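Enquirer: The structure follows.
In this note's numbering, the protein residues as written are 74 to 255.
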């Protein structure tokens, strides 16, 4: 039995489109996240050139490689005195779930298929900056003045980077903290 009110029909159609859109989104996630990873690399490497070495996509995970070295953990998993680069790994899907929701809402709307396609493409392009913002804000937080590294780790400059310390002014650190809170 189909609901009589238009809003009820829209809600039912949206709920019916959500499952296939999330399945499709999950199956195509590595491909869909490629432009986001590229933009995140561009943004982070330009905002923090002395801190970020690379942004690398590994399926649905994104690794943000810093120019900072870290002492080996004391648990014996690495030889004493070994130092490695500090890498943050992000589950990129946490920041990009808006696309399947947009598609479900767009496909449930009572309009022509051409208009639905146009709005889906335009909406997807408009949603592109959101995961970039989330990744950039999430991983720029460690350089704010109030963050301290976890107890088993020590910060040290990477030997090849020429970085003497974190290299960020208080203003940028405060901005990074504010972005993360936003």
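By construction, the Cβ of each residue, glycine as well, lies at the ideal position given by its N, Cα and C atoms. Because the structure is a prediction, the values reported are computed rather than measured.
(1) What's the gap between the Cα of residue 100 and the Cα of residue 191?
(2) Which one or two residues does DSSP pair with residue 125 in a beta bridge?
(3) Count Cβ pairs between the stretch 97-115 and the stretch 156-170 that sit closer than 8 Å; are there 3 or more?
(4) Counting only beta-carbon atoms, is residue 160 nearer than 8 Å to chain C?
(5) Below 8 Å, how does it come out for the stretch 77-95 and the stretch 171-189: are there three or more Cβ pairs, yes or no?
(6) Anyone know if the C-beta pair for residue 139 and residue 120 falls short of 8 Å?
(7) Return the first residue and the last residue of the alpha helix (DSSP H) that residue 167 is part of.
(8) Residue 116 and residue 194: beta carbons closer than 8 Å?
(9) Nearest to residue 125 by alpha carbon, out of 189, 132 and 161?
(10) So residue 175 and residue 98 are in contact, right, with Cβ under 8 Å, and what is the actual spacing, rounded?
(11) Return the chain-ordered list of same chain residues with a C-beta closer than 6 Å to the C-beta of residue 82, the five sequence neighbours on each side being excluded.
(12) Residue 153 lies in the alpha helix (DSSP H); which residues open and close that run?
(13) Take the Cβ of residue 113 as the centre, count every other Cβ of all protein chains shown within 10 Å, and call the residue buried at 16 or more, exposed below.
(14) Just confirm the distance between the C-beta atoms of residue 163 and residue 137, as a whole number of angstroms; I'd bet it's less than 8 Å.
(15) In its own chain, which residues sit with a C-beta less than 8 Å from the C-beta of residue 79, not counting the 5 before and 5 after it?
(16) For residue 181, which three-state DSSP category applies?
(17) Start and end of the alpha helix (DSSP H) containing residue 120?
Expert: Taking the coordinates as given:
(1) As a working note, residue 100 is residue 27 in the chain shown. As a working note, residue 191 is residue 118 in the chain shown. Answer to the nearest angstrom: the Cα atoms are 22 Å apart.
(2) As a first step, residue 125 must be located in the chain shown, where it is residue number 52. According to DSSP, which records beta bridges pairwise, residue 125 is partnered with 139.
(3) yes
(4) You won't find chain C in this structure, because it holds only one protein chain.
(5) yes
(6) Position 66 of the chain shown holds residue 139. Position 47 of the chain shown holds residue 120. Result no, Cβ atoms of residue 139 and residue 120 do not sit closer than 8 Å.
(7) Working through the chain shown from its first residue, we reach residue 167 at position 94. Residue 167 -> no alpha helix (DSSP H), and no H or E assigned at all.
(8) Your numbering for residue 116 matches position 43 in the chain shown. Your numbering for residue 194 matches position 121 in the chain shown. Cβ distance not < 8 Å, so residue 116 and residue 194 don't count as in contact.
(9) Numbered from its first residue, the chain shown carries residue 125 at position 52. Checked all of 189, 132 and 161; the closest Cα to residue 125 is 161.
(10) Position 102 of the chain shown, counting from 1, holds the residue named residue 175. Position 25 of the chain shown, counting from 1, holds the residue named residue 98. The pair is not a contact, with the Cβ atoms about 10 Å apart (cut-off 8 Å).
(11) Along the chain shown, one-based indexing puts residue 82 at 9. For residue 82, where only same-chain residues beyond five positions count, the Cβ hits under 6 Å are 76.
(12) Start at 1 with the first residue of the chain shown, and residue 153 comes out as number 80. No alpha helix (DSSP H) holds residue 153; DSSP gives it neither H nor E.
(13) Your numbering for residue 113 matches position 40 in the chain shown. Buried is the call here.
(14) If you number the chain shown from 1, residue 163 lands on position 90. If you number the chain shown from 1, residue 137 lands on position 64. Yes, they are in contact, since the Cβ atoms of residue 163 and residue 137 sit about 7 Å apart, within 8 Å.
(15) Position 6 of the chain shown, counting from 1, holds the residue named residue 79. If we look at residue 79 and ignore the five residues flanking it on each side, its Cβ neighbours are 183.
(16) On the chain shown, position 108 is the one that residue 181 refers to. Reduced to three states, the DSSP call for residue 181 is helix.
(17) Counting from one through the chain shown, the residue named residue 120 turns up at place 47. 107-120 is the span of the alpha helix (DSSP H), which, as asked, contains residue 120.
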